[in-house]
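Residue numbers (our numbering): 1 to 405. Encoded as structure tokens, the structure appears first; notes follow it.
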Ligand SMILES: Cc1cc2nc3c(=O)[nH]c(=O)nc-3n(C[C@H](O)[C@H](O)[C@H](O)COP(=O)(O)O)c2cc1C
């Protein structure tokens, strides 16, 4: 039997295999952020497709952390628990053995006034060059209420019947915003040293743990490194990412998913070309600026320094972290071949293999692997799935464009 299909356990959660659906925004929430029938059907397809653990798309812990004006999923109020419970009951009732975790998040500076009806908040007022938002620096009160919002969200996740919670600590969203010296320029106890920058996530963890108990798995996804060290400012470099992971494991986090990047550093989380024509023609980017449209069409990928798609691009980061921590490590990023997945586990680089775009392309990829397929995912890494989220729910476009807006 392939090592990928061994049964393992993370605290109270037993996993039938080592294949994980990495958190993926679906935009399938209703006007209260609660799951729609489309979301239920998507998770049913994923469960039946054979994945061991489904991690939901990022789910906001408070309304000011939403990342879309409509369709974002939320876990910000107790009244929503019954709806989320219906969804987890459905996934569990299918009899596939798939488990489901919720990723809890706050958009920080990577959201917009259009999405939340107010100026986005962040540890410091550092302008985001990817969405042109300058956030408002959080006050002590903002910090306190947001930590509480995360902890209460974690409690609701457990009460909703999820098998685990994952804190989104990566990709430039609020928790990562505190960890990252590029976006956290504070000089109080929330900024400066790594210990101070980790205080926000550490408080979230400690208060969540009190509410969910010792047996419930609390996972985290981190950006172990990014490419924000520039103009005399430092982002997160891998050495610090490893120390961060060690501290998270020491504080009691039950599993670490090793990703990278923030929105502003040019697609390093996903790799591959920025679809500039799509952004300009279909999403109306720079619609009032002909010069920018011209410059971006000609030089956009060079200006944005978008790294090309390569396979398993976070593997060495996962390996270095795995060598330092005793909690399970999840590798994510460009993992498309069954042979690579097996090699990641057998070589001890990670315990679990997380897949995002491969499962958008085909939710039955895990089942095919279990049946003996050695074929790589057919995903072409066009990244249209990500950018067209601006227009509607998640789906695979397989390199195609849709009608212009
Ligand atoms: C459409 C789309 C939505 C995503 N949404 C999330 C998300 O909600 N939370 C998260 O941590 N990562 C999110 N990601 C990043 C993926 O989970 C994953 O880290 C990244 O795509 C690399 O994995 P892959 O090469 O298997 O796609 C998203 C990626 C895509 C393409």
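Glycine included, C-beta positions come from ideal geometry on N, C-alpha and C. Nothing here was measured: the structure is a model prediction, and the numbers come from that model.
Inter-residue CB distance, residue i and residue j (contact presumed, cutoff 8 Å)
i	j	result
residue 84	residue 37	So it is not a contact: roughly 14 Å between Cβ atoms.
residue 394	residue 26	5 Å
residue 120	residue 186	Rounded, the Cβ-Cβ distance is 16 Å, inconsistent with contact.
residue 204	residue 166	The Cβ separation is near 12 Å, so there is no contact.
residue 225	residue 317	6 Å
residue 99	residue 15	6 Å
residue 29	residue 73	4 Å
residue 156	residue 262	Their Cβ separation, rounded to whole angstroms, is 27 Å, which puts residue 156 and residue 262 out of contact at 8 Å.
residue 354	residue 332	4 Å
residue 126	residue 183	5 Å
Contacting residues, own chain, Cβ-Cβ under 8 Å from residue i (five flanking each side not counted)
i	result
residue 222	169, 170, 176, 179, 241, 244, 245, 248, 256, 257, 258 and 259
residue 114	69
residue 147	200, 203, 204 and 207
residue 252	205, 209 and 218
residue 9	15
residue 112	120, 131 and 133
Short Cβ contact (8 Å threshold) for residue i with residue j
i	j	result
residue 21	residue 51	yes
residue 310	residue 266	no
residue 315	residue 344	yes
residue 110	residue 128	yes
residue 208	residue 150	yes
residue 91	residue 75	no
residue 342	residue 39	no
residue 12	residue 217	yes
residue 381	residue 272	yes
residue 48	residue 94	yes
residue 24	residue 356	yes
residue 103	residue 59	yes
residue 63	residue 116	yes
residue 402	residue 250	no
residue 238	residue 320	yes
Chain-order list of residues whose beta-carbon lies under 6 Å from that of residue i (same chain, five-residue window excluded)
i	result
residue 65	106 and 107
residue 181	234
residue 292	286
residue 360	385 and 396
residue 390	283
residue 264	128, 129 and 130
residue 346	3
Rounded straight-line distance, which links the Cα of residue j to that of residue i
i	j	result
residue 335	residue 230	29 Å
residue 210	residue 400	47 Å
residue 160	residue 173	24 Å
residue 46	residue 189	42 Å
residue 153	residue 32	15 Å
residue 362	residue 140	45 Å
residue 340	residue 313	12 Å
residue 405	residue 388	Model confidence at residue 405 stands at a pLDDT of 44, short of 50, so the residue's coordinates are unreliable; what they give is reported in the following sentence. Approximately 11 Å, taken between the alpha carbons.
residue 158	residue 212	7 Å
residue 322	residue 254	13 Å
residue 1	residue 371	11 Å
residue 130	residue 296	13 Å
residue 330	residue 300	32 Å
residue 194	residue 290	43 Å
residue 132	residue 284	15 Å
residue 162	residue 228	35 Å
residue 145	residue 44	35 Å
residue 392	residue 232	39 Å
residue 215	residue 303	47 Å
residue 268	residue 308	9 Å
residue 398	residue 86	32 Å
residue 79	residue 288	43 Å
residue 7	residue 71	35 Å
residue 17	residue 192	40 Å
residue 298	residue 378	29 Å
residue 376	residue 198	38 Å
residue 236	residue 164	27 Å
Minimum Cβ-Cβ distance from residue i to chain B less than 8 Å
i	result
residue 274	Checking the listed chains, one finds no chain B in this structure; it contains a single protein chain.
Residue i beta carbon near ligand 2 (any heavy atom closer than 7 Å)
i	result
residue 58	Ligand 2 is absent from the structure shown, which contains only ligand 1.
Own chain residues within Cβ distance below 7 Å of residue i, not counting five before or after
i	result
residue 196	189 and 190
Q: May I ask you to verify whether the region 275-283 touches the region 336-356, counting CB pairs closer than 8 Å and requiring at least 3?
A: no
Q.
Would you call the region 135-142 in contact with the region 51-60, where contact means no fewer than 3 C-beta pairs closer than 8 Å?
A. no
(Q) Count Cβ pairs between the region 320-335 and the region 363-371 that sit closer than 8 Å; are there 3 or more? (A) no
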